[in-house]
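Peer 1: Numbers in this note's numbering are just positions in the sequence shown, counted from 1, shifted up by 203.
Each residue gets a CB set at the ideal place from its N, CA and C atoms; glycine is no exception.
Right, I'll just put the structure down here and ask away after.
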Amino acid sequence: MFFDTGYELLRVIVITLSAYAILIVVLRAAGKRALAKLNAFDLVVTVALGSTLATVLLSKDVALAEGALAFAMLAGLQYAVARASIRWRWFRNAVRAEPRLLLKDGVLRPEAMAAERVTADEVAAALRQQGIGRIADAAAVVLETDGSLSVIAASAGRVAELDVLEGVAR
204 MFFDTGYELL RVIVITLSAY AILIVVLRAA GKRALAKLNA FDLVVTVALG STLATVLLSK
264 DVALAEGALA FAMLAGLQYA VARASIRWRW FRNAVRAEPR LLLKDGVLRP EAMAAERVTA
324 DEVAAALRQQ GIGRIADAAA VVLETDGSLS VIAASAGRVA ELDVLEGVAR
């Protein structure tokens, strides 16, 4: 059988519409960062919001009000962590990863790549995506805090001259 009663289907429809509306309100109130992938904590919050939504929609044991409270708590915690990260460097260092320089002036940095568990093939793929055909034609490749690879072409200058690399672990 596809379902037990029409009531259960109606419940899913009503709860889905309500939970979705509440989630939209919470996300709008939380701001653009609520679904950003700026760091590991932001990703965890995004996944937790999705998991909470699924639980609210499909579990009869979780009331809509409980789900709404969970949405608000997750958004509030993310806001608090972001504010604390701005205010206290020690807190920022505890909850955020540092970007890491994987390639410098056309030369791969094997020790940095090993520490971050990134292969030369992954760096080469990032270079190709930016239209760079030779490793020597890259000034820098940085593993960002969100796990993405940023590429700076050698035409932008040598690493020592690039102020965008301030704060990047060498």
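Kindly indicate which three-state DSSP category I225 falls into: helix, strand or coil?
Peer 2: I225 falls in the helix class under three-state DSSP.
Peer 1: Along the chain, which unbroken stretches of the beta strand (DSSP E) at least 3 residues long are found entirely within the stretch 327-367?
Peer 2: Here the runs fully enclosed are 341-346, 352-356.
Peer 1: Please report how far the alpha carbon of G336 lies from the alpha carbon of D207, in whole angstroms.
Peer 2: Cα to Cα, the separation comes out at about 59 Å.
Peer 1: For T322, count neighbouring C-beta atoms within 10 Å of its own C-beta (all shown protein chains included) and say buried if the count is 16 or more, exposed if not.
Peer 2: Per the 10 Å Cβ criterion, exposed.
Peer 1: Taking 9 Å as the cut-off, decide whether the C-beta atoms of V345 and L330 are in contact.
Peer 2: Result no, Cβ atoms of V345 and L330 do not sit closer than 9 Å.
Peer 1: Answer with buried or exposed for I218, where buried requires no fewer than 16 other C-beta atoms within 10 angstroms of its C-beta.
Peer 2: Looking at its Cβ environment, which holds 16 or more other Cβ atoms inside 10 Å, I218 is buried.
Peer 1: Would you mind reading off the limits of the beta strand (DSSP E) that contains R286?
Peer 2: Run containing R286: none in the beta strand (DSSP E); it sits in the alpha helix (DSSP H), 267-290.
Peer 1: My guess is that D340 and A357 are in contact by the Cβ rule of under 8 Å, so how many angstroms apart are they, rounded?
Peer 2: Yes, D340 and A357 are in contact; Cβ-Cβ is about 5 Å, under 8 Å.
Peer 1: Return the Cβ separation of V298 and V284 in integer angstroms, given the expectation that the two are a contact with Cβ distance under 8 Å.
Peer 2: The Cβ separation is near 6 Å, so the contact holds.
Peer 1: From G234 to L305, what does the alpha carbon distance come to, in whole angstroms?
Peer 2: So the alpha carbons of these two residues sit roughly 32 Å apart.
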